[in-house]
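Residue numbers (the numbering used here), protein chains in the order written: chain A, 1 to 299; chain B, 1 to 290.
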C-alpha cells in the first residue's frame, strides 16, 4: 500500500470495489435488467417467454398507458407552473437577513422533513377529506359552494394531488433560490438604487436574471422529479378515482405488482428511466455538474 | 449552507438603509400567508391527534381541544408502533453506515488516487444520479426474492445503499478535492500510505461533509416507502412509512389515531431539526446548491 504511485491502480480498485459492487448489483444492473425483462411475457412466477417488442407495441397503443403518460406530462407542467414562481418568491424573501424572515423560514422548511406517506396522510385524512379542515373552513366563511370532495372527484383529484406535491417540494426549491439569491452581489442593487430603480424593477432587472442558473437547476429537478411522484399519490388516491391520478410510476406499480405483468411493467419502467436520464443529461450540460466533471479531467 | 454564513454575510451585505424601521408590509403579508399554508396542516395534524374520536368532527379549526387526550397515542403504541420504530431505526443505521463507509473509500480513490479507473467509475456514479428508483424496482424485487432476502429487514438495505452511493460520493469527492495538496505531501514525506492518509488526515478533515451525508441519507432511508412496500409483506417487519400507510386502512375513520401515528413518526426528525437545522437543510441541498 505504501509504495506510492505505482500501486495506484490496484489500490484505487480495491477502494472502489465495495461501492461499485453495491451500485452495480442493486442499481445499475437492475436498470439494465429492466430493459431485458421488458421483452418478456412474465408474471413473475411461471417461466418467462420472449415476446420481442410485444410489450413495447402495447405500451404505445394501450389507452391506459397513454393516459398515464399524458397525466405525467400534465403533472410535470402543472408542478413547474406552481412550484417555480412560489419557490422563487419565497427564496428571495428568505434571502433577506431580517430576523422575522429567518423565523418564518424555520417553519417553511418543516415539510421537507416529513415522509411522503406522512404528508399524504395529513392531507388526505385531515385536510382534504369531506369533513376535513379545508371544507370546514370554507363552510365557516360562507363559501359552502366551494366545499368539494377534493380527492373523490375525478375532475379535481389530479389538481389536489399536484397541490399537495407542491406543498411537499416547494420548501426544497425555496432553499435553492435562497442560496442563489444570497450570492447576488449587493453592489448591483446599490447601483440600481442610485439609478432610481424601485423594488419591483430591481427584482425583474437584477434578481431574476442573476438567478438564471438556479432557475435551470430547479426546473430540471422539478421535471425529473415529476417522473417519480409515487408515494404521495399512492397514499392519497391510489391512482383513482378511476384512472384520474394514475401517473406513470403508479401505473408501473399497479401493472407489475398488482396485475403481475412484470414484463409490461418493465417496459413502462424503462420509459421512466429514459425520460429521467434524458432530462438529467440536460442538467449535466447546463449546470454545475458538467463543469465539475471537466474539472476532474483537468486534474 | 448559505444559512451558516448568515451572521458574517449579513454584516458585509447589509446596506445602509436609513429609516427602515418596520418590515416592508407586502413581503411580510405574503410571508405570513405562506406561513399559514406551510405550517397549518402540521399544526392541524397535531391538534387533531389530541382529540377524542367522537369529538373530532366538531373540533375547532384553530384551537386545540379543551380536554386534550393522549388516548390516541396510547392506542398507536398498543398497535405496535414501537416495533416499527425499531425496524426503521435498524434499517436506517445499517444502511447509512454502509453508504458512508463504501462511499468514503470510493471518494478517496476518485479524489486522491485518480487514474482512469477511478474517473470512469465516478462518471458511472454521476449517471446513477439520474436513475429513478422506480425504474429499477422490478428487477430489484426479482433479485431480492432470488437471494432469499424477500420479506426481511436485511433485504431493504442493499438497494438503499446502492441508491445512496451516487450523491454521497459526489459530495465527498467535492469535499476531499478541496483538501490542500500540501497536507498530503507532508504525509507522503512521513512515509504514510493511503490507509494512514485516509484515516489520519482525510477522515478527520472531512467531518463536516460526513455529517452532511449522514443526515441526508438517514432522512432518505427513514422516509423511504417504495422499498418496504415492494420488498416486504409481513406486518412485523414493516418500517414506519409502510406501517403508517397500513394504519390508514386499519384506522379508517379514526383520524385522530392516524394523526397520532403520523406525529410520532415525524417526531424524531423534528427533534433533530430543532438541534441541527443548519446541517439538516444544508445536507438536503448539498448536491444541487451553489
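Glycine included, every Cβ here is placed at the ideal spot set by N, Cα and C.
> So who's on the other strand from residue 41/A, going by DSSP bridges?
Replying inline: 49/A
> Looking at C-alpha atoms only, which residue of 38/B, 28/B, 70/B and 26/B is the closest neighbour of residue 256/B?
Replying inline: 70/B
> With 16 other CB atoms within 10 Å as the buried threshold, where does residue 189/B fall?
Replying inline: Classification for residue 189/B: exposed.
> Is it a yes or a no for the stretch 265-278 of chain B touching the stretch 174-193 of chain B, going by three-plus beta-carbon pairs under 8 Å?
Replying inline: Short answer: they don't touch.
>> Counting only Cβ pairs nearer than 7 Å, list the residues of chain B close to residue 123/A.
In response: 41
>> Counting only Cβ-Cβ distances shorter than 8 Å, please list the residues of the stretch 56-75 of chain B near chain A, keeping chain order.
In response: 57 and 61
>> Quick check on the burial criterion: 16 or more other C-beta atoms within 10 angstroms. Buried or exposed for residue 194/A?
In response: exposed
>> Quick check on the DSSP output: the alpha helix (DSSP H) that includes residue 212/B runs from which residue to which?
In response: 207-223
> According to the neighbour-count rule (16 or more other Cβ atoms, all chains shown, within 10 Å of its Cβ), is residue 187/A buried or exposed?
Replying inline: exposed
> Within this structure, are the beta carbons of residue 106/B and residue 169/B separated by less than 8 Å?
Replying inline: yes
> How many Å lie between residue 3/B and residue 96/A at the Cα?
Replying inline: Interpretation of residue 3/B is limited by its pLDDT of 39, a score under 50 that renders its predicted location unreliable; no figure is taken from the coordinates.
>> Given this structure, state the Cα-to-Cα distance separating residue 291/A from residue 120/B, to the nearest angstrom.
In response: For residue 291/A, the pLDDT reaches just 47, beneath the cut-off of 50, and the residue's location in the model is therefore unreliable, leaving the point undetermined.
> For the stretch 33-49 of chain A, which residues have a CB atom closer than 8 Å to at least one CB atom of chain B, in sequence order?
Replying inline: 33, 34, 37 and 44
> With 8 Å set as the bound, which would you pick, yes or no: does the beta-carbon of residue 16/A sit closer than that to a beta-carbon of chain B?
Replying inline: yes
> When the distance is taken between beta carbons, is residue 264/A closer than 8 Å to residue 139/A?
Replying inline: no
> List, in order along the chain, the chain A residues whose C-beta lies closer than 7 Å to that of residue 266/B?
Replying inline: The answer, in chain order, is 113, 114 and 118.
> In the stretch 255-282 of chain B, which residues sit with their C-beta less than 7 Å from some C-beta in chain A, listed in chain order?
Replying inline: 255, 258, 259, 262, 265, 266, 269, 270, 273, 277 and 281
> Around the Cβ of residue 18/B, are there at least 16 other Cβ atoms within 10 angstroms (buried) or fewer (exposed)?
Replying inline: Its pLDDT being 44, under 50, residue 18/B is placed unreliably by the model, and the measurement read from it follows with that caveat. Residue 18/B should be labelled exposed.
> Quick one, which of 72/A, 239/A and 39/A has its alpha-carbon nearest residue 54/A's?
Replying inline: 39/A
> Can you tell me whether DSSP reads residue 277/A as helix, strand or coil?
Replying inline: helix
> List, in order along the chain, the chain A residues whose C-beta lies closer than 7 Å to that of residue 103/B?
Replying inline: 19
>> To the nearest angstrom, how far is the alpha carbon of residue 19/A from that of residue 158/B?
In response: 11 Å
> When burial is assigned at 16 or more other CB atoms within 10 Å of the CB, is residue 142/B buried or exposed?
Replying inline: Buried.
>> Using the Cβ count rule (16 or more neighbours within 10 Å means buried), how would you classify residue 171/A?
In response: buried
> Among 103/A, 29/A and 110/A, which one has its Cα closest to the Cα of residue 267/B?
Replying inline: Ranking the options by Cα distance to residue 267/B, first place goes to 110/A.
>> In this structure, how does DSSP classify residue 131/A when only helix, strand and coil are distinguished?
In response: Looking at residue 131/A - three-state DSSP - the assignment turns out to be coil, as it is neither helix nor strand.
> Which residues of chain A have a Cβ atom closer than 7 Å to the Cβ of residue 121/B, listed in chain order?
Replying inline: Among the residues of chain A, those whose CB is under 7 Å from the CB of residue 121/B are 16 and 20, following chain order.
> What does a CB cutoff of less than 6 Å around residue 34/A pick up in its chain, not counting 5 residues either side in sequence?
Replying inline: Excluding the 5 residues flanking it on each side, residue 34/A has same chain C-beta neighbours closer than 6 Å at 266, 269 and 270, in chain order.
> Name the chain A residues whose beta carbon is nearer than 8 Å to that of residue 48/B?
Replying inline: 126
> Considering only the beta carbon of each residue, do residue 216/B and residue 284/B sit closer than 8 Å?
Replying inline: yes
>> Among the candidates 126/B, 222/B, 230/B and 35/B, whose CA atom is the shortest distance from the CA of residue 96/B?
In response: 222/B
> Going straight from the alpha carbon of residue 126/A to that of residue 229/B, what length do you get?
Replying inline: 23 Å
>> Does residue 258/A pass the burial test, meaning 16 or more other C-beta atoms within 10 Å, or should it be called exposed?
In response: exposed
> Around the C-beta of residue 212/B, are 16 or more other C-beta atoms found within 10 angstroms, so that it is buried, or is it exposed?
Replying inline: buried
> Does any C-beta atom of chain B lie closer than 8 Å to the C-beta of residue 106/A?
Replying inline: yes
> Do the CB positions of residue 72/A and residue 247/A come within less than 8 Å of each other?
Replying inline: yes
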